[in-house]
Structure formats: structure tokens, C-alpha cells
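Presented below is the structure to which this report refers.
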Amino acid sequence: MLYIWQNGLSGPIPSEIGRLTSLLELDLSENYLIGSIPLSIGNLTSLSFLCLSQNNLFHSREISDLRNLEFLYIWKNRLSGPMPAEIGRLTSLIELDLSSNNIIGSIPCSIGNLTNLSLLSLYQNGLSGLIPSEIGSLANLTHLKLGDSIFFGSLPPEFNKLTQLTTLQLYNNELEGVLPEDVCLGRSLQNFSVINNHFTGHIPTSLENCSTLFRLRLDGNQLTGNIADVFGIYPHLNFMDLSHNHLRGELSWKWEHCSNLMSLRISNNDLSGDIPTTLGRMAQLQELDLSSNNLRGEIPREMGSLSMLLKLDLSNNAITGNVPIEIGLLSNLENLNLASNNLSGYIPMQLGLCKRLLNLNLSRNKIQRSIPREIGNAQVLEVLDLSYNFFSENIPSELAELRNLQVLNISHNSLFGSIPHIFEDMLALTSIDVSYNDLEGPLPNVKAFNEAPFEAIQHNKGLCGNVVGLPKCNSTGNKKSNRHVEARIILILILSFLGFLLLSCTLIVLGIIYHHQRRITKREKNEQAKDLDFKSIMSYDGKVFYDRIIEATKGFDSMYYVGEGAYGIVYKAEISEGQTFAIKQTLSSKEDSEIIDLIPFEREIQALTNIRHRNIVKFYGFCSHAQRCFLVYEYMERGSLRAILNDDETAREFQWDKRVNVVRGVADALSYMHHECSPSLLHRDLTSNNILLDLNYEARVSDFGTARLLRPDSSNWTAIAGTIGAGLFYGPYRKVRCI
Numbered sequence: 001m002l003y004i005w006q007n008g009l010s011g012p013i014p015s016e017i018g019r020l021t022s023l024l025e026l027d028l029s030e031n032y033l034i035g036s037i038p039l040s041i042g043n044l045t046s047l048s049f050l051c052l053s054q055n056n057l058f059h060s061r062e063i064s065d066l067r068n069l070e071f072l073y074i075w076k077n078r079l080s081g082p083m084p085a086e087i088g089r090l091t092s093l094i095e096l097d098l099s100s101n102n103i104i105g106s107i108p109c110s111i112g113n114l115t116n117l118s119l120l121s122l123y124q125n126g127l128s129g130l131i132p133s134e135i136g137s138l139a140n141l142t143h144l145k146l147g148d149s150i151f152f153g154s155l156p157p158e159f160n161k162l163t164q165l166t167t168l169q170l171y172n173n174e175l176e177g178v179l180p181e182d183v184c185l186g187r188s189l190q191n192f193s194v195i196n197n198h199f200t201g202h203i204p205t206s207l208e209n210c211s212t213l214f215r216l217r218l219d220g221n222q223l224t225g226n227i228a229d230v231f232g233i234y235p236h237l238n239f240m241d242l243s244h245n246h247l248r249g250e251l252s253w254k255w256e257h258c259s260n261l262m263s264l265r266i267s268n269n270d271l272s273g274d275i276p277t278t279l280g281r282m283a284q285l286q287e288l289d290l291s292s293n294n295l296r297g298e299i300p301r302e303m304g305s306l307s308m309l310l311k312l313d314l315s316n317n318a319i320t321g322n323v324p325i326e327i328g329l330l331s332n333l334e335n336l337n338l339a340s341n342n343l344s345g346y347i348p349m350q351l352g353l354c355k356r357l358l359n360l361n362l363s364r365n366k367i368q369r370s371i372p373r374e375i376g377n378a379q380v381l382e383v384l385d386l387s388y389n390f391f392s393e394n395i396p397s398e399l400a401e402l403r404n405l406q407v408l409n410i411s412h413n414s415l416f417g418s419i420p421h422i423f424e425d426m427l428a429l430t431s432i433d434v435s436y437n438d439l440e441g442p443l444p445n446v447k448a449f450n451e452a453p454f455e456a457i458q459h460n461k462g463l464c465g466n467v468v469g470l471p472k473c474n475s476t477g478n479k480k481s482n483r484h485v486e487a488r489i490i491l492i493l494i495l496s497f498l499g500f501l502l503l504s505c506t507l508i509v510l511g512i513i514y515h516h517q518r519r520i521t522k523r524e525k526n527e528q529a530k531d532l533d534f535k536s537i538m539s540y541d542g543k544v545f546y547d548r549i550i551e552a553t554k555g556f557d558s559m560y561y562v563g564e565g566a567y568g569i570v571y572k573a574e575i576s577e578g579q580t581f582a583i584k585q586t587l588s589s590k591e592d593s594e595i596i597d598l599i600p601f602e603r604e605i606q607a608l609t610n611i612r613h614r615n616i617v618k619f620y621g622f623c624s625h626a627q628r629c630f631l632v633y634e635y636m637e638r639g640s641l642r643a644i645l646n647d648d649e650t651a652r653e654f655q656w657d658k659r660v661n662v663v664r665g666v667a668d669a670l671s672y673m674h675h676e677c678s679p680s681l682l683h684r685d686l687t688s689n690n691i692l693l694d695l696n697y698e699a700r701v702s703d704f705g706t707a708r709l710l711r712p713d714s715s716n717w718t719a720i721a722g723t724i725g726a727g728l729f730y731g732p733y734r735k736v737r738c739i
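For the sequence shown, position 164 matches number 164 in the UniProt record's numbering, and the numbering has no gaps at all.
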């Protein structure tokens with residue numbers, strides 16, 4: 001046996017390897033090997049295990065001479081050309097994985113000779129044509145992965161012979177016809193994915209009693225039938241997506257028995273009836289998307305029991321009644337979309353209790369009264385859309401507390417009065433629409449308002465400002481109101497002056513007390529830091545490792561400065577010989593403030609504990625303490641892509657083959673985050689400054705302070721989030737589910 005995986009090997013595989021004629025197992029995966037697989041590898045006739053994955057190798061037909069080979073893995077390389085028919089000679093093969101290459105053409109019929117095969121993985125290639133009927137001869141097949149290819153036509157009837165399948169993935173192809181009726185005849189199917197094809201007809205009846213199902217994705221097809229007739233009870237089901245089909249009928253009460261279901265999506269179908277109250281008993285549910293159907297009735301109050309819920313989308317239905325106050329109990333809710341329904345009444349002030357809410361859309365309903373000031377308590381909110389309703393009264397000034405708000409749409413209502421001038425502090429705003437109201441007075445002096453198109457402010461009572469189409473605020477029509485404002489200011493100044501003598505003494509006393517208390521608090525924090533019970537992580541004692549970081553950077557001295565990003569300063573820390581780390585210290589939320597902004601800190605931990613990829617910077621752990629917060633990463637010797645390109649000398653060394661490899665690495669990382677992870681991860685700030693390179697010019701994507709998880713996944717984030725503020729050094733607990 002010869003195992004040299006993940007060792008930084010580069011260059012071609014030496015032809016001398018063919019002399020090891022007695023070798024049984026060879027693993028050279030996760031290196032930087034290039035060139036063709038040597039012809040001499042055909043001499044290793046005793047080989048039963050060969051793994052060359054995650055390199056830059058080209059194909060060699062001599063592999064077909066290895067008749068004793070049982071396990072062959074060459075995924076994520078540069079294999080190209082058609083799949084050789086000689087592959088059918090490897091009749092001892094049990095597992096074959098050639099995924100993520102550039103193989104083209106059709107699957108050879110000789111694949112049917114591999115009757116011992118249990119795994120066939122050919123996804124993410126350029127394979128095309130019909131899927132050969134010979135695959136039906138592979139009676140022992142348990143995993144078949146043909147996704148992300150160009151296969152077309154119908155599935156051969158022989159597919160019904162594959163009764164041992166646990167994984168069947170045909171997503172992102174051009175397949176049509178009906179799904180195999182007996183896909184779960186063997187009662188062992190766990191993962192079934194046919195996303196984005198052209199399948200028609202009914203959902204296979206064998207799925208009704210397929211109690212082993214763990215992940216089901218039939219979205220993006222043209223399936224028909226009554227949804228209530230084809231699904232049963234699935235105790236292990238974790239993820240189900242039936243969106244973008246032509247399914248009809250009412251939602252079943254059986255869903256409440258899917259006790260492990262975390263994501264349920266049935267959007268863009270023709271469902272009718274009420275939303276079952278029993279959905280409120282699905283304790284693990286994190287995502288519920290029933291948008292774009294014909295659902296009616298009211299939103300069940302029982303929804304307030306879904307304490308794990310992150311996303312609730314019921315938009316584009318015919319739902320009536322009020323927004324239930326129980327929605328305010330969903331403390332983990334990040335996305336609430338109830339747009340385009342027939343909701344009436346008012347917005348419950350309890351929505352302000354949803355402190356993690358990022359997106360709130362209640363547009364195109366019949367909601368009345370005022371916008372509740374409690375919305376300002378949802379301080380991480382980024383998108384607020386209340387347009388096309390019947391809101392009246394003034395815009396609450398508390399909305400200015402939404403310092404992360406990027407999109408504000410309150411158009412087509414009956415709001416009156418002026419836009420609060422405190423909105424000038426909302427620097428994150430990029431898009432506003434206040435049109436079709438009865439607003440008057442000056443626009444706030446902030447970029448989003450100053451650069452707004454006229455269509456976003458038109459049809460109001462008397463707005464003024466520096467926007468084309470509006471009168472200037474110093475015009476005659478505004479002089480009277482300006483005099484009133486000046487009089488009020490003078491009155492306030494007089495009252496303030498009269499109270500100054502009384503308040504000054506009080507303020508001096510309070511200042512003395514405050515500074516005294518601050519010294520006591522700081523001393524207590526230092527004592528607490530000494531007494532912390534540090535855990536053993538990564539074979540290190542947490543306290544010792546923390547002290548070594550402080551010692552290695554001399555308390556984050558500028559001589560160890562590496563760079564600076566939007567949310568932190570990066571230092572180089574050499575803990576011991578051969579062990580160098582990059583330490584990213586989180587910045588304070590405001591200048592000269594001791595308060596650390598934990599939102600980017602938490603986001604980066606959340607993102608990096610859910611991913612693991614060779615082109616994403618390795619995350620070793622973090623420290624969260626009253627005095628300092630920092631993240632620990634692998635150290636990238638060549639620094640950022642931007643620094644290399646901006647330096648003439650390093651740019652000359654950075655030749656085109658290396659640049660292409662960097663582009664490919666970044667693309668692989670993005671593909672992994674967007675398509676292979678559940679939930680998908682959106683970086684949102686990818687620049688040359690946060691693409692780092694190691695000594696071999698291998699790319700690593702970094703800086704996830706603004707990243708967003710698009711779909712819910714495992715509960716590991718909750719466990720980690722709970723440790724924030726403990727003052728310890730923690731290693732990440734990675735757990736990821738991929739398609």
C-alpha cells in the first residue's frame with residue numbers, strides 16, 4: 001500500500017511507479033500532480049484500489065488493463081474526451097467515480113459489464129445522449145450520480161430493475177418522460193434528486209411507502225397529480241422540494257409525522273385549501289416555502305410554535321385575515337415573505353421581537369393603520385417592503401434604528417407628514433421608494449434619497465430636495481415652515497441653558513461614579529480572564545493556545561501586521577516552528593469604542609463551520625472575549641491576489657497557467673458553496689483582496705464577514721453561537737450536507 005494523499009506533491013507522476021508490480025493500493029489524491037497518467041501504471045496488475053482525485057491529471061487508457069481493480073477514483077481532474085469503451089474490462093470494479101471532469105460523449109454500452117458495481121458517479125461532466133439501457137444490468141448498484149450533464153430523452157425501462165438504489169441523482173439534465181415507477185421498490189432509497197429536467201406524469205407510487213427517504217428533490221419539472229395521494233409518512237426525511245411543477249390538491253396532515261423535516265418547499269404549483277394547523281407541530285422545521293399557489297384561509301397561529309424556523313414564504317396566495325401575533329415568537333426567523341395576499345388588519349408590534357430578521361416583505365396586501373415603531377427593534381433588517389397597502393399616519397422615526405437596512409419600499413400607501421430627518425443616519429440604504437403617499441418636507445440628506453430616481457418619490461404632497469423634478473427646499477413655499485422650525489430651535493436652546501447649571505453638577509458626579517465603576521469592571525474582567533476554564537481543542541489546551549497567540553503577536557503589535565479588511569485586522573502568528581497562523585482581530589463597531597461588532601464575527605463563524613473545501617481558507621477556531629475577539633486561519637504565504645497583481649515583480653512570476661489555476665480554484669469554491677452545500681452559501685464580497693494564494697499559487701477564498709446562508713441546514717451553528725462571549729478559544733465543528 002502507498003498512501004501519499006494531501007502532501008503537496010507537484011509535477012507529473014513518475015513513470016517508475018510502474019515498477020511497483022506488487023502494489024495493492026495507491027492513493028495520490030489531493031495534491032498538485034499534472035500531466036497524463038503514465039502508461040506504466042498498466043503494469044500494476046495487482047492493484048485493487050486507485051485514487052488520483054483532486055489533481056490536474058489527464059486520462060490514460062492503460063488503466064483498463066488493471067483487471068483486479070475494485071475501487072477507481074479520478075474525480076475532479078482534467079480528464080477529457082469520450083469515456084473509453086475499455087472501461088468495461090474492469091469487471092471487478094465495485095466503485096467508479098469520474099465526476100467533475102471534462103469527459104464528453106455518451107456512456108459506453110460496455111458499462112453493463114461492470115455487474116459488481118455499487119457506485120457509479122459521473123456527474124459534472126459534458127456527457128450527453130441517451131442513458132444506456134445497459135445500466136439496468138447493474139443489479140448491485142446503490143449509488144447512481146449522473147447530475148449536471150447533458151443527457152436527454154426518456155429513462156430506459158430497465159431503470160426499474162435497480163431496486164437496491166439508495167442514491168439516484170439525475171439533476172440538471174434535459175431528461176423527459178416519466179419517472180421510474182419502481183424507484184423505491186427495494187425500500188432502500190434515501191436520496192432522490194431530478195431537479196431541473198422535463199419529467200412529466202405522476203410522482204411514482206412507490207414513493208408513498210418509501211420510509212427510508214432522507215432527501216427528495218423533484219423541483220423544476222412538469223409533474224402532475226394530486227399531492228395528497230402520493231406521499232406517506234417519512235420518519236427520516238430531512239429535505240423536500242416539489243417546487244415549480246403542476247401539482248394540485250390540498251396539503252396533507254401527514255406532514256406533521258415527518259419529525260425530522262427541516263426544509264419543505266412546494267412553491268409555484270396549484271395547491272389549494274387551507275394551510276394545515278398541524279404544520280405547527282413540525283418542531284425541526286427551518287424553512288417553509290408554500291409561495292405562488294392558491295392557498296386560502298388564515299395563517300395558523302400554531303406557526304408560532306416553529307421555534308427553529310428561519311424562512312417563512314407564503315407569498316402569492318389568497319390568504320386572508322391578520323398577521324398572527326404568534327409570528328413574533330419565531331426568534332430565529334430571518335426571512336418573512338407574506339406579499340401578494342389578502343391580509344388585512346394591522347402589523348402586530350410583536351414582529352419587533354424577531355431580532356434576527358433580515359428580510360420582511362408584506363407588500364400588496366390590505367394592511368391598515370400605522371407602521372409599528374417596534375419594527376425598529378429588528379436591527380439587523382436589510383430589506384423592508386410594505387408597499388401597496390393602506391398604511392396611514394407618520395413614518396415612525398424608530399425605523400432609523402435599522403442601520404443595516406439596504407432596501408426600503410413604503411410606496412403606494414397613505415402615509416403623511418415629513419420623512420424623519422434622522423433617516424440621514426441610515427448610511428447602508430441603497431434603494432428607497434416612497435412614491436404615491438402624502439408626504440411633505442425635505443428629503444433626508446443621505447445618498448439613497450439624493451440619488452433616487454424621480455419615480456421613487458413622485459406623487460406626494462410636498463416633498464422638496466436636490467432630486468430632479470422636486471422643488472428646492474429653500475423655495476418661497478417653505479419659508480414659513482422654516483421660521484417655525486427656527487423658533488422651536490431657539491426655545492429649545494433657552495430651556496437647555498436654564499437647565500444647564502442644575503445638570504452640570506449632576507453630570508460631574510455621574511462622571512466620577514462612571515469612571516470609578518469602569519476601573520472596577522475592567523479589573524474584574526482581567527481577573528475573570530485569568531480564571532477561565534479553557535477546553536482542549538485541536539490537541540491544544542485552549543488557555544495555552546490563547547496565550548501563545550498573544551505572545552506570538554506581542555499583543556497584536558503592528559510589526560506582525562499582514563493586512564486589513566472591512567471587519568478586522570490580520571496578524572501573522574508563528575506559534576512554533578512550522579506552525580504559522582493568520583489571526584484576524586475583529587474591529588470595534590465604532591471609532592474609539594470598546595464595543596465589538598459581533599454580527600460579522602458571528603456570520604464568519606457560521607459560514608466557515610459549515611464548509612470544507614481545498615479552495616476555501618481553513619478555519620481553525622475563534623476566541624470571543626470581553627477584551628478581544630479573533631478568528632484563527634491557515635497562513636497564506638503569498639498573500640492576496642490583489643497584492644500580487646499590483647507588484648510588477650510578483651506579477652511577472654504569476655504566469656498564465658497559474659492564473660488559470662487560480663480562476664479554476666475560485667470557481668470550484670463558488671460552485672461548492674452555491675450548489676453542493678445545504679444550505680447554499682453566498683459570499684457577497686468576493687474581490688481580489690480576499691482571494692489568497694499559498695506557496696504553490698493555489699487559491700483560497702476568505703473573508704466571510706458578509707456571507708449569507710440561503711437555506712437552513714444542520715443545527716451546529718446554534719451550538720457554536722451559544723459559546724460567543726465565553727472568552728475561550730474554540731475549534732470549529734464542521735458538518736455539511738451536500739447534493
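Beta carbons: idealized from backbone N, C-alpha and C, even for Gly.
Problem - Beta-carbon spacing of His246, Leu223 below 8 Å - result: Numbered from 1 along the sequence shown, position 246 holds the residue referred to as residue 246. Numbered from 1 along the sequence shown, position 223 holds the residue referred to as residue 223. It is a contact, given that the beta carbons lie within the stated cut-off.
Problem - Among Phe231, Val434, Gln368 and Leu427, nearest to Ile419 - alpha-carbon criterion - result: Here residue 419 refers to the residue found at position 419 of the sequence shown. Residue Val434 is the option with its Cα nearest to Ile419.
Practice task
With DSSP collapsed to three states, give me the class of Ala699.
Solution key: Here residue 699 refers to the residue found at position 699 of the sequence shown. Residue state, collapsed to three classes: strand.
Exercise for the section: Ignore the nearest five residues each way along the sequence and tell me which others in His257's own chain have a CB closer than 7 Å to its CB. Expected result: Residue mapping note: residue 257 aligns to position 257 of the sequence shown, counting from 1. Contacts found: Ile233.
Handout entry: Sequence-distant residues of the same chain with beta carbon closer than 7 Å to Thr650, five excluded per side
Key = Residue numbering aside, residue 650 sits at position 650 when the sequence shown is read from its first letter. Cβ neighbours of Thr650 beyond the five flanking positions: Ile644.
Handout entry: Start-to-end residues for the beta strand (DSSP E) that takes in Glu564
Key = For the purposes of this step, residue 564 is identified with residue 564 of the sequence shown, where counting begins at 1. Run containing Glu564: Tyr561 to Glu564, per the beta strand (DSSP E) assignment.
Handout entry: The alpha helix (DSSP H) enclosing Asn646, as first and last residue numbers
Key = Taking the first residue of the sequence shown as 1, we reach residue 646 at position 646. Here the alpha helix (DSSP H) through Asn646 covers Leu641 to Asn646.
Exercise for the section: For Asp685, verify whether its CB is less than 7 Å away from any heavy atom of the ligand ADP. Expected result: In the structure shown, the ligand ADP is absent, as is every other ligand, since no ligand is present at all.
Problem - Gly280 to Leu44 span [Cα, whole Å] - result: On the sequence shown, position 280 is the one that residue 280 refers to. On the sequence shown, position 44 is the one that residue 44 refers to. About 60 Å.
Practice task
Report the rounded CA-to-CA distance for Gly639 versus Phe58, giving the unit in angstroms.
Solution key: Indexing the sequence shown from 1 puts residue 639 at position 639. Indexing the sequence shown from 1 puts residue 58 at position 58. Using only the alpha carbons, I get a separation of about 30 Å.
Practice task
Per DSSP, which residues does Ser397 bridge with? Please list them.
Solution key: On the sequence shown, position 397 is the one that residue 397 refers to. For Ser397, which the question treats as bridged, DSSP gives no partner whatsoever.
Exercise for the section: Using alpha carbons as the reference points, say which of Met308, Val468 and Asp703 lies closest to Arg603. Expected result: The residue labelled residue 603 in the question sits at position 603 within the sequence shown. Ranking Met308, Val468 and Asp703 by Cα distance to Arg603 puts Asp703 first.
Exercise for the section: Output yes or no for whether 8 Å exceeds the beta carbon distance between Leu120 and Leu141. Expected result: Here residue 120 refers to the residue found at position 120 of the sequence shown. Here residue 141 refers to the residue found at position 141 of the sequence shown. Against a cut-off of 8 Å, the Cβ pair of Leu141 and Leu120 comes out as a contact.
Handout entry: Inter-residue spacing [alpha-carbon to alpha-carbon] between Glu16 and Trp656
Key = Walking along the sequence shown from the start, residue 16 turns up at place 16. Walking along the sequence shown from the start, residue 656 turns up at place 656. Taking the straight line from one Cα to the other gives about 30 Å.
Exercise for the section: Would you tell me roughly how many angstroms separate the C-alpha atoms of Asp289 and Arg612, rounded to the nearest one? Expected result: Looking up residue 289 in the sequence shown gives position 289. Looking up residue 612 in the sequence shown gives position 612. Separation of Asp289 and Arg612 (C-alpha to C-alpha, rounded to the nearest whole angstrom) is 28 Å.
Exercise for the section: Determine the DSSP secondary structure at His674, reduced to helix, strand or coil. Expected result: Start at 1 with the first residue of the sequence shown, and residue 674 comes out as number 674. Looking at His674 - three-state DSSP - the assignment turns out to be helix.
Problem - Enclosing beta strand (DSSP E) for Val407 [first to last residue] - result: On the sequence shown, residue 407 is found 407 positions in, with the first residue counted as 1. Unbroken beta strand (DSSP E) run through Val407: Val407 to Asn409.
Practice task
Answer yes if the segment 15–34 comes into contact with the segment 49–68, meaning at least three C-beta pairs across the two stretches below 8 Å, and no otherwise.
Solution key: yes
Problem - Start-to-end residues for the beta strand (DSSP E) that takes in Phe619 - result: On the sequence shown, position 619 is the one that residue 619 refers to. From DSSP, the beta strand (DSSP E) with Phe619 extends over Phe619 to Ser624.
Exercise for the section: Would you kindly report the start and end of the unbroken alpha helix (DSSP H) that includes Asn450? Expected result: Taking the first residue of the sequence shown as position 1, residue 450 is located at position 450. For Asn450, the enclosing alpha helix (DSSP H) covers residues Lys447 to Asn450.
Exercise for the section: Kindly give me the distance between the Cβ atoms of Phe390 and Ser370, rounded to whole angstroms, as I take these residues to be in contact under 8 Å. Expected result: Within the sequence shown, the letter at position 390 stands for residue 390. Within the sequence shown, the letter at position 370 stands for residue 370. At roughly 11 Å, the Cβ-Cβ gap does not stay under 8 Å, so Phe390 and Ser370 are not in contact.
Handout entry: Burial state of Arg364 (16 or more Cβ within 10 Å)
Key = Along the sequence shown, read from residue 1 onward, the residue named residue 364 stands at position 364. Buried, since its Cβ has 16 or more Cβ neighbours within 10 Å.
Handout entry: Identity of the residue in Glu158, Glu401 and Asp274 nearest Lys355 by Cα
Key = If you number the sequence shown from 1, residue 355 lands on position 355. For the residues Glu158, Glu401 and Asp274, the minimum Cα distance to Lys355 belongs to Glu401.
Exercise for the section: Starting from Asp289, follow the beta strand (DSSP E) in both directions and report where the run begins and ends. Expected result: Numbered from 1 along the sequence shown, position 289 holds the residue referred to as residue 289. Note, Asp289: beta strand (DSSP E), Glu287 to Asp289.
Handout entry: For Gly201, three-class secondary structure by DSSP
Key = Stepping through the sequence shown from its first residue, residue 201 is reached at position 201. Reduced to three states, the DSSP call for Gly201 is strand.
Handout entry: Helix, strand or coil at Gly273 according to DSSP, with G and I counted as helix
Key = Residue numbering aside, residue 273 sits at position 273 when the sequence shown is read from its first letter. Coil.
Problem - Contact under 8 Å by Cβ, Ala573 with Ile549 - result: The sequence position of residue 573 within the sequence shown is 573, counting from 1. The sequence position of residue 549 within the sequence shown is 549, counting from 1. For Ala573 and Ile549, yes; Cβs fall inside 8 Å.
Practice task
Provide the residue span of the alpha helix (DSSP H) that contains Ala573, from first to last.
Solution key: Numbered from 1 along the sequence shown, position 573 holds the residue referred to as residue 573. No alpha helix (DSSP H) holds Ala573; the beta strand (DSSP E) holding it covers Gly568 to Ser576.
Exercise for the section: Identify whether Ile131 lies in helix, strand or coil by the three-state DSSP scheme. Expected result: On the sequence shown, position 131 is the one that residue 131 refers to. In the structure shown, Ile131 sits in coil (DSSP, three-state: anything other than H, G, I, E or B).
Exercise for the section: List the whole-angstrom C-beta distance separating Pro84 from Ser64, where the pair is believed to meet the contact cut-off of C-beta under 8 Å. Expected result: Within the sequence shown, the letter at position 84 stands for residue 84. Within the sequence shown, the letter at position 64 stands for residue 64. Between Ser64 and Pro84 the Cβ distance is about 7 Å, and since that is below 8 Å, they are a contact.
Practice task
Return the residue from the list Ile395, Leu26 and Phe71 that minimises the CA-CA distance to Arg441.
Solution key: Mapped onto the sequence shown, residue 441 falls at position 441. The amino acid at residue 441 is misidentified as Arg; the sequence shows Gly. With distances taken between Cα atoms, Gly441 lies closest to Ile395.
Handout entry: Cα-Cα separation, Gly725 to Leu415
Key = What you label residue 725 is simply residue 725 of the sequence shown in a count that begins at 1. What you label residue 415 is simply residue 415 of the sequence shown in a count that begins at 1. For Gly725, the predicted model reports a pLDDT of 35, less than 50, meaning its position is unreliable; a value from the coordinates is still stated below. About 42 Å.
Exercise for the section: In the DSSP assignment, find the unbroken alpha helix (DSSP H) run with Asp219 in it and report its ends. Expected result: Walking along the sequence shown from the start, residue 219 turns up at place 219. Run containing Asp219: none; DSSP gives neither H nor E here.
Problem - Short Cβ contact (8 Å threshold) for Leu333 with Leu357 - result: Position 333 of the sequence shown, counting from 1, holds the residue named residue 333. Position 357 of the sequence shown, counting from 1, holds the residue named residue 357. It is a contact, given that the beta carbons lie within the stated cut-off.
Exercise for the section: Please state whether DSSP places Ser481 in a helix, a strand or coil. Expected result: For the purposes of this step, residue 481 is taken as the residue at position 481 of the sequence shown. Confidence is the limiting factor: at Ser481 the pLDDT is only 45, short of 50, which leaves the residue's position unreliable, though a coordinate-based value still follows. In the structure shown, Ser481 sits in a helix (DSSP, three-state: H, G or I).
Exercise for the section: Let me know if Asp557 comes out buried or exposed under the rule of 16 or more other beta-carbons within 10 Å of its beta-carbon. Expected result: Here the question's residue 557 lines up with position 557 in the sequence shown. Answer is exposed; the Cβ neighbour count stays below 16.
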